[in-house]
Structures are given as structure tokens and as C-alpha cells.
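> Heads up: the sequence shown begins at 1 in the UniProt record's numbering, then just goes up one per residue.
Beta carbons are placed, not taken as given, at the ideal position from N, Cα and C, and that holds for glycine.
On a predicted model such as this, the values are computed, not experimentally measured, just so you know.
Let me give you the structure first, and then I'll get to my questions.
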Amino acid sequence: MFWEDWVDRALSCFNKDRDKEPAVPIPVTELDPLEFADDERLDKSFQRFLAELDLPPEKQDEMLSQSREKKISMLHKHAIRTKYNSSRFLQKLRGYADAFPEQLNSEAVEFLQDLVIALRTQDNSFVHSFLAEGGVALLSQLLRLSWCEDRSDFTFFFLSAFRALLNSSSGRQAVLDCPESLRNIAASIECSDPKAKVVSAEVLSGLCFVPEIGHRKVLTAITDASQLMGERIRFQKLLEALHRTFSCDRQTDRVRTAAIGLINALLSTGPSENSVEYRTHLRYELLLQGVQEVIDSCRGDASQRLDDHFDLFEMMRKEDELSISGVSDDSGASSPVDFDNVVGMAEALQNKLSSTVALPHFASLLQHLFMVPCDEKHIPLWRLFDLLLQHLTLQTTVNGITDVHQPLTGTVDMNDIISRLHTQCEYETLEREHERLREELEAERMRVVDLENRLSDMHDGRSTLSRTSDLSTSPSDPGPSRPSSACLDTLPPVIPPIAAPPPPPPPPPLFGKLPMPTEDAKKNVPPRKSDTRTVNWNKISKDKLKGTVWEFADDEKLYKHIDLEELSTLFAASTSHKDDDNESVMGYSISRKHREEISVIDSRKAQNCTIMLSKLKMTNRELRNVLLSMDDKGRIPKDMIEQMLKFLPTREEGQQLAETVARFKTPTCLALADRYLYEVSQIPRFEQRLKCLHIIRSFKERIELLSPALQAICLTSQALCSNKRLRQYLALVLAIGNYLNQGKRNGNAHGFTMHSLNSLNQVRNATRGDRNLQHYIAQLIERKFPDLVKLKRELNCVYEASRFNKEEVAAEIRSLEQSIGFIRSELARAKNCTLAEGEEDKENLTKPEEDRFDEAAKSFITSATNEFRNLEALFAEMKGKLASCAKLFCFDEKASPDEIFSVFAKWLTSFTEAHHAIWREQEEEETRKRQTLARSYFAKKSRKKEKERDFEQLIFALQNGELFSEELARLRTSFRLPPGKKREKTAAR
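Below is the structure:
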């Protein structure tokens, strides 16, 4: 065999600069040739020799089948090997534990190298002796002592000793049975030495593949080590090692390969191997810490093997997300459910639960989450929700398995949680106070805007010269503008009030209507000493009291039982609600008298119009100027233009408003909504102008919605007509169908309609009830026609094109054409009115100087006509390509895109689902193979060309990607990386 050669190579590797012996050997005597003359004695000696090698049963049988001469030769070589004494190593290690060396000198290096070589190459009896005398606990203690900054050079050697010890089955079991050792190994990834980081990650990666307990032990160790390393959340130091750059590129690549190898091992072994939910759970914890961003940043200078590990992580993630979302799509684009988008996941969950009884519970969950505050104080409560859901999800979907990360133990102290929240009473109090302040602010704001509009009216000369004239309110404005000094200078000085004159007689009837009712006789109400709040009720006139509950109400006698001072105090008016006779505007006092505003339009229309004006936040003058300029600065939102079209003055309302203004000599007498309708009625052809403005503002958006639809239909039609793989697939289906229909009514077919593709899944498999003809075709394509798998990527555009209806598209195009024609006719009318100087339309006023309707209409017609011509050309092209596609695939030439492409979309979905079902079977088979492969690595012993033992072989296969090669090849045939992540693969370092 090669035992001597193995030892010599190991010694030369670790002791290149030394010629002396690595350890004091135990003297052995040469074997007596006569000792093996008896076959029975030879067999006993050979059995002891096999026990020392710690071989699995199948290998032992292979060794026992060797010839007699071969057995004697192996025993002879084994007898003359240098033997080590474990006691010497343990004694030295105990000395280190009592007095740790100050620095890593040559003597310490020599000893530690000898220890590593002995643990890796010596017989099983040496390992048993080392373990029996507490070698694992001693190594773990020394490993922890080496974490100091000045002792970090020792960490690599202690980790290498653990790695060498794991080559033995007894050594592996001893390390796995020692939680402290695993925790210290996991914590060593924080060491500053890059070689120590590599060995720590590689040891943990290899242990993940130990059947049954390896993954759980490693994950527990990483979780326990998190507290030792001071991590905020586990895996933090592992991701730091993945992102860190070292002085040497080779070291950086090795550390990154070891780190991502550990991540992939955690996602491929134990519960992760067979549970997509558990994989997603662990992966999402890594994604929250930015592992995807780290991978993206490291791809630029990654080696081939590191790039393979990155590809494996990303493609496994994509496959799992597709599986979780229940969508079959391998187009190479992002997952149909964006798991990085909270809104996207919520919408996908709603769609998933829409037809189940679980939807009300989902809605209830969201509603209750809305009730939870999101401030800093309640972050622990959100964390509790997260942990509860994580553990409940894992326990219900992974057969009771839960993560070891921060397990929930004992009962939840809800009192402690409730103590962190505001009480409902406190919340309601704050809410009421907030509402009161908001109302006061709004009232004050409206008051300021009211005063600003009064000053604006005075500046325009529209108000009367009297200081006591009533001033109108206008649409709200964000803030008042300071009046000009000239305007303020014209204000007369304030005269002290004099005795009020007798009330004027009632005004005559307006517009032929009934006269306004006279004021009711005043009641004997005690006078107030201060202003109070207003009770908002609807008064009933005295002439309507007969026969009602108020006819004999004697409320005046009740005042003697009421504490009027207390009532005034409790309901005193705030400063913003005072109805003083004098108001201060920009430092000047303006006297005003109370008078009701006049409204002639319908009350409901007035109310809705007032709400609309409050959202516009413009004065009447500003609104008029914006409309005359055709809103060249885009101050009015498009949706507000639509609202304005709903509140247009009718001819009768315009006449009544004009008569009212003429009667009172000022528009300030009108209510807010009436004033707005009066002002806009003064704009020439206001309704047509507003419709033109709406067309101009929405035209480009409508074009942008139509163009992609037409382009999608054109591209999809062309893709279907020119796709050779689709024709090959149809020919394959035709061949299979004719074979199955041989001698039947549907046999001997020369073709079939495309709708027939969706009936393939109705042909059930006779041997498997969960399989149909579509699965068979997918499996056949996978084996014999792998090129046809690309159909799913090439025809993915049919999903977008199947959303559009030709008639709806044509109707929208006709509407666009009519819109352009409407503006063109309005422009021609405006020109004619200008030439005739308004004689043809006496209802309209002379065109104002600031009117920019002509310029805006001309500019729009020029640009819109060009865009519409392009759209018409694209529509004609779409109809031609769609008709060709319909004819090619035996559809009616007048068929709509949604009728044609929905057939292909439904078939493509079924085709993709069948492929994914086949791939899931293959993945399960690969999982079983990988488990067998991992076990086989632990069962192998050294061969002539492989000088390393079991655990070393496993780590080597893990780091170079051999362990995942078949899985990676399968994923690469199924998925594509995003374009930004593709690059030429460089040779492995």
C-alpha cells in the first residue's frame, strides 16, 4: 500500500524547512517471517490491522479478499511505520492550557504541526487514546484561549487539529457530542487570520453532511456562538467574512468560497434538503442581512468555483420562490411574486386565498396589524409577531421541526407587552385633541384666505368703496399674499362706530321668486358677556310651529334654572371662532357687518363644488388665469379637471348669477360655489375650453397605454409565426396523437386546432393517476428534444398579448381621433369669432389678452397629429401581423388577440407546470443521490491517487463544487441569471 508514501508527503508538506523527525517514535521490532506461516495467525493479525484502519464493512471485505502475499506485505509496512504516543501530545497541550505561549515560535509551530499530522495519519488506536484522555475538551479550551489578538496565530493550528480529528468516525462522533467544541469552532470565524476563517467554515460545512444530526448540530453551534461574538443577529460575522477583502486576492477568494460554501451547505442538508419552507426560512434570514447585495458586489472578481457557488445560491432561491408562490415560470425574468416587495407579497397572498375560507382570517390578521403602533416603543411587539409566525409556520409545514434560533420557551407574558402600549383612553384623548386642533387650523386658514381675497377684490376695483361692504370668500389658498402698499394707502381711516340706523325694509323678490321671509320676533334671551361656541341646528320659522312639539315650548322660563356664567365659561369660543365686529388684516382694521351670502344653485351641487374648490387651493383670479393660459404650467391635476367638468354652470344658472351680480353691483355677495360658477362663466366657451384642456393633458398618457399594447401584439404574432421550436413541438404532438388515435375516428389527422393543445392534460396516464399526456411529452422533450425547453422563454410574451381586445383598442383609437377633431373644430371656431369680432357669438365676451387657447391648441394639434399617425401605422401593422398569425394557426382571421393568445397562454402554463413536476421528481432523485454521495465519502478510504482521508475528501468536494455539480447543472438548464449578473467565467484559481 501507500502508507509510507502518505506519511512522507504529509511530513514534507508541513516540514519543508526541517530535516529532523517530527516526533519521538516508539521503537518497534521487525516482524518474524515465521510468525505468518500459519494462516490462522495471519488472519488474526490482519483483522487487528483492519480495526486500526477504521474501514467500513464493504472495504474490509475488499481487503480480506486480497492474496496472502499482499496481506503479509501490508502488515510488514504497517509494522515498520513510525508510531506516535498520544500522551506526549496531551501533556504538551495541558502545559499550553496552564501557561499559554506568548508567541508562536518555531518550537510551538513544530509541535502543533506534528499534532495535526498524527491525528490525520495515525491508526485508530491513537485517536481512541487521544479522545479517552480528554483531547477534544482540551483542544476546545485552547481554541477559546487563542481568540486574543496576540494569540490569533494559534487558532489556525487548533482548528486544523479538529479538522484532522474529524477524518475518524470516532473523532467525528466525539466532536459532535461536544457542543462547546462546535460552538468554539463556529465562533472562530471571527478570527482575524484568513486561514482560520477558511478552516472554521470548511469544518462546519463538512459536518452539515453528517447524516441525521450534522445539520442540526452545526446550526445550534452557529446560534450559540452568535452571543459569544456579540452579533446582533446570527450569520452576521459569516456575511462580514464573505464581504471582506484581504491583502491577498487568493486569501479573499478562499475565505469567500468557504463562507458561501457553508451557506449552501446549510441550505442543502438536514431539514433544508427536503423542505422548501425550511430553506426559505433560513435564506430569508440571510437576505434580510444583505447577502444578495454582498454576492452582487463580489461577482466582479470571483473565481470559477466561487461563481458556481453564487449561481447555486441564486438559482436555488429562484426555484424555491417559484415553488412557494405556486407559479410555474422559468422565463429567466424575476419571479412572478416579488418577494422583496411587501405590497407584491400581500397581493399574491390575496390572490392565493381569494377562493378559500382562509381569506377572512387573512383580512382579520391585516386589520389587527393595522391597530399595532409602529413607533420605536413597539418594535419588540412586531418582533414577537415575527417569531411566533416563524415557529408556527415551521412546526406546521416541516413536520414539527423548528429552528434553533431564539426558540420560544415558556409562556408569553402578555401583561408585559400590554404595558408597553398606550391605553385606549389615552389614544382617544390624543385623537380628539388632534382633531380639534386640525379644525381650528383649517378655520384660521380659511379666514386668512378670505381676507386675502377681499384685499384682492379691492385691488381689482371690484369691491364697493364702503368700508362696511361684505367681502366674499374664495377657494382656499395655502397662505395669504401681502397686499400692495398702494392698496393699503387707499383704505380710509377707521371711524368709531355710531348708533346703528333702523333696519332696512325687506328686499324685493329676486327673479320672480317668492319674497324673502321677514325675521322672526326676537325671543327674550339673556345677553352674553362673552362669545360662545355655535350650536349647529336648522331653525324652524314661527309660522311653521303650529301642531309641532315647539308650539307651546316655554324655554324662556328655564333660564332662571341655568347657571349662565358657567355655561358661557364651559362653551367659550376660541380665538379663531370669535365674531368680532372688527378684524385686523395686515395690521389694518376693517369693519364689517354680518350678512348672509346669496346662493342660487342647487344646495347639493354647491356643497360638492365647494369640496372640489378646497382641493384646488387657488383663488378665483388664479383659477381664471390658469384656465385662460390653458394651464401651461400644469397647476391643475388631471383628475381635478375631470371633477371640474362635472360642475359646469347651466344657461339658467348663468343668467341668475349675472342678474344677482348686476343687482348688488359686486360678485362678492355670492356664496363660494356661486362665485366660482360666475367667474368661470365669464371665460369664453368655458365648457369647451375645459374639455380641450382635459384632452391635451390626457392625450399623451392614452398614447403611452396603447403603443405598448400594439407592440406586444406585433411582437407576439411575429414570435409565434417565426418560432421553429413551436412547429417542431406541434409536429411531435401530431405524431403522438396519430399514434394514440390509430384506427379511431380522430386518427390519421394532418393537423389540429390550437385549442386541442389544452386537451392534452385530459389524457390520463394508465399507470400513474397524477400524470397525463402533457407530462409524458415534457419528459420526452427532456430526454430526446432538450432544445424545445426554450419554448417557455421564447413564448413568454403571449401572457402580455392575451390581455388586449382588438375592438377595445380600435375604439380607443377612434376616440383619440375624435379628440383631435374636437380641438381642431374649437380652434377654427375661435379664429372665426376673432375675425367677426364676436358678432357671431354674442354670448361670449371679447377675447382677453391673456387667453392662450389658440397657441396651445395649435401646438397640441401639430404634435398629436404626428403621434396619432404613428399610432395608426402601428395599428395597421398589428392588424396585418395578427391576421397572418391567425391564418397560420387556423384561427378566424378576424379573431381578437385575447382569443388567439389566451389559447397559447393556457397551453404554455400547462406545459410549464408539467415540466416543473418532472423537475421536482428529478430534484428528489438528486437529493437521494446527494445523501448517498455524502455517506459514501465517509465510507471511503484512501486510494492510490487520493492521499487524503474521508473528511478531507468531503470538504474538497464541497469547496470545488463537485458535491453540487449535478444540482447546479440541472438548475442552469432551467433558469437564467439576470443580464446584469452574467459574465464570462474565468478559470478556477
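Do you know offhand how far THR610's Cα is from ALA673's?
5 Å
> From PHE130, SER192 and VAL198, pick the residue whose C-alpha is nearest to that of SER160; which is it?
VAL198
> Would you mind working out which of LEU816, LEU795 and ASP787 sits nearest TRP907, comparing C-alpha positions?
Comparing Cα positions, the closest option is LEU795.
> For THR280, does the three-state DSSP call read helix, strand or coil?
helix
> Within a Cβ cutoff of 7 Å, which residues of the same chain sit near PHE158, ignoring the five residues on either side of it in sequence?
LEU139, LEU142, LEU143 and SER146
> Evaluate GLY961 with the Cβ neighbour count: other Cβ atoms within 10 Å of its Cβ, from every protein chain shown; 16 or more gives buried, anything less gives exposed.
buried
> Between which two residues does the alpha helix (DSSP H) holding CYS148 run?
Element bounds for CYS148: n/a, residue is neither H nor E.
> My output table needs one value for THR767: the three-state DSSP class, helix, strand or coil.
coil
> By DSSP, does ALA572 sit in helix, in strand, or in coil?
strand
> Label ASN453 either buried or exposed according to how many other C-beta atoms from any shown protein chain fall within 10 Å of its C-beta, with 16 as the threshold for buried.
It counts as buried.
> Mind reading off the beta-carbon distance from GLU679 to ASN620? Whole number of angstroms is fine, and I expect it under 8 Å.
Under the criterion of beta carbons closer than 8 Å, GLU679 and ASN620 qualify as touching, at roughly 5 Å.
> If we call anything under 7 Å between Cβ atoms a contact, is ASP898 one with SER802?
yes
> Can you give me the Cβ contacts of ILE696 inside the same chain, cut-off strictly under 6 Å, excluding the 5 residues immediately before and after it?
PHE860
> For ARG727 and ASP308, I'd like the C-alpha separation in whole angstroms.
35 Å
> With distances taken Cα to Cα, identify the nearest neighbour of ALA709 among ASP340, ARG234 and TYR799.
Scanning ASP340, ARG234 and TYR799 for the CA closest to the CA of ALA709 turns up TYR799.
> I'd like the span of the alpha helix (DSSP H) that includes ILE703, first residue to last.
Run containing ILE703: 686-722, per the alpha helix (DSSP H) assignment.
> Rounded to the nearest angstrom, what separates THR155 and ALA778 at their Cα positions?
53 Å
> Between the Cα of LYS237 and the Cα atoms of ASP555, ILE263, ALA443 and ASN167, which residue gives the shortest distance?
Of the residues ASP555, ILE263, ALA443 and ASN167, the one whose Cα lies closest to the Cα of LYS237 is ILE263.
> Is the stretch 162-174 in contact with the stretch 99-119, if contact means three or more CB pairs nearer than 8 Å?
yes
> Could you work out which residue in CYS721, GLN390 and ASP854 is closest to ALA886 when comparing CA atoms only?
CYS721
> Can you say whether TYR729 is buried or exposed, counting buried as having 16 or more other CB atoms within 10 angstroms of its CB?
buried
> For LEU648, which of helix, strand or coil comes out of DSSP?
coil
> Straight-line CA distance for TYR231 to ARG216?
It should be noted that the sequence gives Glu, not Tyr, for residue 231. Going by the C-alpha atoms only, they are around 20 Å apart.
> Checking 7 Å against the spacing of the C-beta atoms, do LEU219 and VAL291 come in under that value?
no
> ASN167 by DSSP, collapsed to three states: which one?
In this structure, ASN167 counts as coil in the three-state DSSP scheme.
> Would you mind sorting PRO497 into buried or exposed? The rule is 16 or more other CB atoms within 10 Å of its CB.
Low confidence applies to PRO497: its pLDDT is 40, below 50, so where it sits in the model is not reliable, and the reading given next is rough at best. A residue is called buried when at least 16 other Cβ atoms come within 10 angstroms of its Cβ; PRO497 does not meet this threshold and is exposed.
> Counting only the same chain and skipping the five closest in sequence on each side, list residues whose C-beta sits under 7 Å from that of SER707.
LEU871 and LEU874
> Please identify the residue among PHE552, CYS714, PRO786 and ARG689 whose C-alpha is closest to the C-alpha of SER825.
ARG689
> With C-beta atoms as the reference, is GLN959 less than 7 Å away from GLY261?
Against a cut-off of 7 Å, the Cβ pair of GLY261 and GLN959 comes out as a contact.
> Considering just the uninterrupted stretch of the alpha helix (DSSP H) at THR121, what are its terminal residues?
Counting along the chain, the alpha helix (DSSP H) containing THR121 begins and ends at 106-121.
> For PHE571 versus THR532, is the C-beta spacing smaller than 7 Å?
Cβ distance < 7 Å, so PHE571 and THR532 count as in contact.
> I'd like the list of long-range same chain contacts for ASN723, defined as Cβ closer than 8 Å, with 5 residues on each side in sequence excluded.
Answer for ASN723: LEU791, GLU794 and LEU795, listed in chain order.
> If you draw a straight line from the alpha carbon of PHE699 to that of LYS615, how long is it in whole angstroms?
24 Å
> Using the Cα positions of GLU277 and LEU394, report the straight-line distance between them to the nearest angstrom.
7 Å
> I need the DSSP call for ASN761, collapsed to helix, strand or coil.
In the structure shown, ASN761 falls within a helical segment according to DSSP collapsed to helix, strand and coil.
> Tell me whether TYR559 is buried or exposed, calling it buried when 16 or more other Cβ atoms sit within 10 Å of its Cβ.
It counts as exposed.
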